[in-house]
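Each remark here refers to the structure printed beneath this line.
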Amino acid sequence: MTLSFDGVLFFPVTPFDRRGRVDLDRFAEHVSSRLDFAPGGVFPACGTGEFHALSTREIGDVVRAAVDTVAGRVPVIAGSGGSLGDALETARAAADAGADGLLLLPPYLVSGTTDGLVAWVDAITAETDLPVVVYHRGTARYTPGAIARLAENPKVVGFKDGTGDIGLAQEIVLAANATGREFAFFNGLLTAELSQGAYRGIGIPLYSSAAFAMLPELASLHYRAYESGDEATRMSLLEEFYRPLVALRDETPGFGVSLIKAGLRLRGVDVGSVRPPLVDPTPAQEQRLQAILDHGLELAERFAATAATAATTAASAAAPESPAPEPAAAR
Numbered sequence: 001m002t003l004s005f006d007g008v009l010f011f012p013v014t015p016f017d018r019r020g021r022v023d024l025d026r027f028a029e030h031v032s033s034r035l036d037f038a039p040g041g042v043f044p045a046c047g048t049g050e051f052h053a054l055s056t057r058e059i060g061d062v063v064r065a066a067v068d069t070v071a072g073r074v075p076v077i078a079g080s081g082g083s084l085g086d087a088l089e090t091a092r093a094a095a096d097a098g099a100d101g102l103l104l105l106p107p108y109l110v111s112g113t114t115d116g117l118v119a120w121v122d123a124i125t126a127e128t129d130l131p132v133v134v135y136h137r138g139t140a141r142y143t144p145g146a147i148a149r150l151a152e153n154p155k156v157v158g159f160k161d162g163t164g165d166i167g168l169a170q171e172i173v174l175a176a177n178a179t180g181r182e183f184a185f186f187n188g189l190l191t192a193e194l195s196q197g198a199y200r201g202i203g204i205p206l207y208s209s210a211a212f213a214m215l216p217e218l219a220s221l222h223y224r225a226y227e228s229g230d231e232a233t234r235m236s237l238l239e240e241f242y243r244p245l246v247a248l249r250d251e252t253p254g255f256g257v258s259l260i261k262a263g264l265r266l267r268g269v270d271v272g273s274v275r276p277p278l279v280d281p282t283p284a285q286e287q288r289l290q291a292i293l294d295h296g297l298e299l300a301e302r303f304a305a306t307a308a309t310a311a312t313t314a315a316s317a318a319a320p321e322s323p324a325p326e327p328a329a330a331r
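With the working numbering, the residue at position 144 of the sequence shown is 144, and numbering never jumps.
Below is the structure:
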């Protein structure tokens with residue numbers, strides 16, 4: 001049992017209407033509009049999708065809308081986790097909705113021992129046939145030994161790091177590799193593009209992208225530069241777009257989600273506000289976000305134009321020269 005991804009990992013927001021209800025039509029439009037940018041997988045009802053604020057029924061509805069919209073083009077990995085009872089219910093709802101796998105967000109509130117955490121994962125996988133990616137953050141702190149033990153469970157197929165402890169992540173990658181199992185490793189830090197160069201160096205090639213949800217033009221450009229080894233382009237994007245975005249994000253807790261929804265609204269997609277306890281940006285913060293988005297679109301257009309020019313030049317250089325016309329006397 002494995003999961004394969006080829007492309008940037010797309011974590012859509014969950015739109016709410018003016019009465020605070022999940023807007024499934026707007027959600028389907030949001031997902032559909034990003035598929036042309038070739039995401040490697042769609043992760044509905046996860047962190048960017050406000051998993052913490054959704055009911056089990058809402059999660060099931062969102063996942064089903066994602067599955068119907070994606071229509072088998074890429075894997076759909078649904079959010080699950082929290083308390084054991086809720087995790088079991090959301091895992092069943094995701095399976096009923098047709099999801100291809102689960103991302104297990106941390107247990108609710110309490111932190112147990114490593115044995116307890118492994119038992120929590122085992123209890124969830126025992127009740128579902130879906131493959132599972134475990135999320136290392138918050139109350140879910142996995143050790144290399146825990147990952148080695150979980151590798152014995154064929155339903156555990158991936159590991160997503162959200163702690164930023166590169167040394168520990170490296171040990172976990174080595175422990176998983178030593179089992180001979182094929183694992184999908186993800187960088188799950190906020191605005192993961194900024195740290196992905198380091199994660200690739202320790203054997204974690206995949207990363208989640210919240211920015212893809214609001215600015216796929218630039219997020220997909222970053223991914224192509226990352227994959228092709230175009231470090232000049234990638235560093236320009238990090239310096240000119242991602243660093244200012246992170247600086248704004250770090251001003252207020254929860255802005256890893258709030259800014260993405262605000263960015264979509266600024267681009268004319270009415271996805272509503274975030275649910276409490278998260279808060280929306282202030283008008284002044286939205287103005288700064290608008291400037292960051294505008295510059296991001298300028299960057300995407302500039303690099304796209306440069307790539308098109310380079311491709312035309314390369315094609316012209318590769319084309320065979322036309323033979324010179326014969327002199328009249330020779331004819």
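All residues carry an ideal CB built from backbone N, CA and C; glycine is no exception.
Apart from the five residues just before and just after residue i, which ones in its own chain have a Cβ nearer than 7 Å to its Cβ?
i: G40; result: F5, D6, G7, V8, L9, V74
i: I166; result: A198, I202
i: A300; result: E217, L218, L221
i: L289; result: L248, L259, A262, G263, L266, P281
So residue i and residue j are supposed to be a Cβ contact under 8 Å. How far apart are they, rounded?
i: A90; j: V257; result: Before going on, a small fix: residue 90 reads as Thr here, not Ala. About 18 Å; that fails the 8 Å criterion.
i: A97; j: V42; result: Incorrect: roughly 13 Å between the Cβ atoms, too far for contact.
i: G333; j: D23; result: Because the chain is modelled from 1 through 331, residue 333 falls outside the range shown and cannot be assessed.
i: T191; j: V246; result: 5 Å
i: A169; j: I147; result: No, A169 and I147 are not in contact; Cβ-Cβ is about 10 Å, not under 8 Å.
On the CB-based measure, 16 or more other CB atoms within 10 Å of its CB, does residue i come out buried or exposed?
i: D100; result: buried
i: V274; result: buried
i: A184; result: buried
i: G72; result: exposed
i: M214; result: buried
i: R249; result: buried
i: R21; result: exposed
i: V279; result: exposed
i: Q287; result: exposed
i: A225; result: buried
i: S208; result: buried
i: S228; result: exposed
i: A284; result: exposed
i: P106; result: buried
i: S32; result: exposed
i: R57; result: exposed
i: Y242; result: buried
So what's residue i in DSSP terms, helix, strand or just coil?
i: F5; result: coil
i: L150; result: helix
i: S195; result: coil
i: G256; result: helix
i: F11; result: coil
i: G201; result: helix
i: L189; result: coil
i: V110; result: coil
i: A330; result: Because A330 carries a pLDDT of 49, less than 50, the predicted location of this residue cannot be relied on, and no value is offered for it.
i: G82; result: coil
i: F341; result: Nothing about residue 341 can be reported from this structure: the residues present for the chain run from 1 to 331 only.
In its own chain, which residues sit with a C-beta less than 8 Å from the C-beta of residue i, not counting the 5 before and 5 after it?
i: L104; result: S80, G81, A87, V121, I124, V132, V133, V134, Y135, A140
i: R331; result: Residue placement at R331 is poorly supported in this model, since its pLDDT is 45, which falls under 50; the coordinates are not used for a value here.
i: V110; result: T139
Cutting at 6 Å between CB atoms, please list the residues of its own chain near residue i, excluding the five before and the five after it.
i: A28; result: A65, T69
i: Y108; result: G82, S83
In chain order, which continuous runs of the alpha helix (DSSP H) of length 4 or greater are located wholly inside the stretch 36-78? If one requires a minimum length of 4 residues, the alpha helix (DSSP H) runs lying completely within the stretch 36-78 are 56-70, in chain order.
Of all the alpha helix (DSSP H) runs that stay within the bounds of the stretch 116-167, which reach a length of 4 or more residues? Every unbroken stretch of the alpha helix (DSSP H) spanning 4 or more residues and falling wholly within the stretch 116-167 is given here in chain order: 144-150.
Considering only residues of the stretch 225-278, which uninterrupted alpha helix (DSSP H) runs meet the minimum length of 4 residues and lie entirely inside it, listed in chain order? Taking 4 residues as the minimum length, the alpha helix (DSSP H) runs contained wholly in the stretch 225-278 are 231-237, 243-249, 255-266, in order along the chain.
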